[in-house]
Amino acid sequence: QEQNMKNQEALTDASTKNMAKQALLNFQKEMAEMNAKTIGAMGKGLSGLAPS
């Protein structure tokens, strides 16, 4: 019974860590996409200002 509870705790701990890792990866991916859009927009704005 006690061993069973320990296993359950280990599983819960592992899945919590896994979820946190997944959330972090998603967050980093979203930030990267946002940065790419922002940099792209800034690039367009700057090239518009530059005398050709």
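Residue numbers (the numbering used here): 701 to 752. Don't be surprised by glycine CBs; every beta carbon is placed ideally from N, CA and C. Being a predicted model, the structure only gives us computed values, none of them experimental.
Alpha helix (DSSP H) segment containing residue i, residue limits
| i | result |
| --- | --- |
| Q708 | E702 to L749 |
Rounded separation between residue i and residue j - CA only
| i | j | result |
| --- | --- | --- |
| L711 | K717 | 10 Å |
| N735 | N707 | 42 Å |
| G745 | S715 | 45 Å |
| N726 | S747 | 31 Å |
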